[in-house]
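See structure below.
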Amino acid sequence: MMLPKETVCPYCHIKFDDQTCVSQEEDIKPKAGDVTMCIKCGELAQFTDDGLIPLPEEIVDALNPRDVQIAAQIRASFIDMTGKYKNDA
Ligand SMILES: [Zn+2]
62 MMLPKETVCP YCHIKFDDQT CVSQEEDIKP KAGDVTMCIK CGELAQFTDD GLIPLPEEIV
122 DALNPRDVQI AAQIRASFID MTGKYKNDA
């Protein structure tokens, strides 16, 4: 099943039309169950067939801390490079 092309952060309600995969080299599209970090607020959310939901607590414990760290670094460099969302964090 295709995920909605546009998703909305369940925390800060920013709209996304693209994602970057941090755990693999190739650019794969997210599927339901995958975890994402909001580029704007830095909160973690989970993809469902209907969009993003706040990350369930049982998933938080199962996350690879390294993936979360990489996502946080990508987010930090994006904000550094673009100056976007600097005052929203
Ligand atoms: Zn957000």
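Each residue of the sequence shown is one higher than the one before, counting from 62 in my numbering.
Even for Gly, the Cβ is constructed at its ideal location relative to N, Cα and C.
In this text the structure is predicted, and so the values were computed from the model without any measurement.
Between the Cα of residue i and those of the options, spot the shortest distance and give me the residue it belongs to.
{"i": "H74", "options": "L113, A132, C82", "result": "L113"}
{"i": "P126", "options": "D111, S138, V83", "result": "V83"}
{"i": "G144", "options": "D128, F108, I100", "result": "I100"}
{"i": "F139", "options": "P115, Q80, C70, T68", "result": "Q80"}
{"i": "P71", "options": "I89, A123, G103, P91", "result": "G103"}
Quick one: residues in its chain with C-beta nearer than 6 angstroms to the C-beta of residue i, no 5 flanking neighbours on either side, listed in chain order?
{"i": "A93", "result": "F108, T109, D110"}
Within its chain, find whatever has a CB closer than 7 angstroms to the CB of residue i; leave out the 5 residues flanking it on each side and keep chain order.
{"i": "L116", "result": "V96, L105, A106, Q107"}
{"i": "A132", "result": "V83, M98"}
What does residue i pair with, by DSSP beta-bridge criteria?
{"i": "T68", "result": "F77"}
Excluding the 5 residues preceding and the 5 following residue i in the sequence, name in chain order all residues of the same chain whose CB lies nearer than 8 angstroms to its CB.
{"i": "V69", "result": "I75, K76, F77, G112, L113"}
{"i": "E67", "result": "K76, F77, D78"}
- Task: Please go through the region 105-141 and give each complete alpha helix (DSSP H) segment of 4 or more residues, from N-terminal end onward.
- Result: When DSSP assignments are scanned along the region 105-141, the uninterrupted stretches of alpha helix (DSSP H) that are 4 or more residues long and fall wholly within it turn out to be 118-123.
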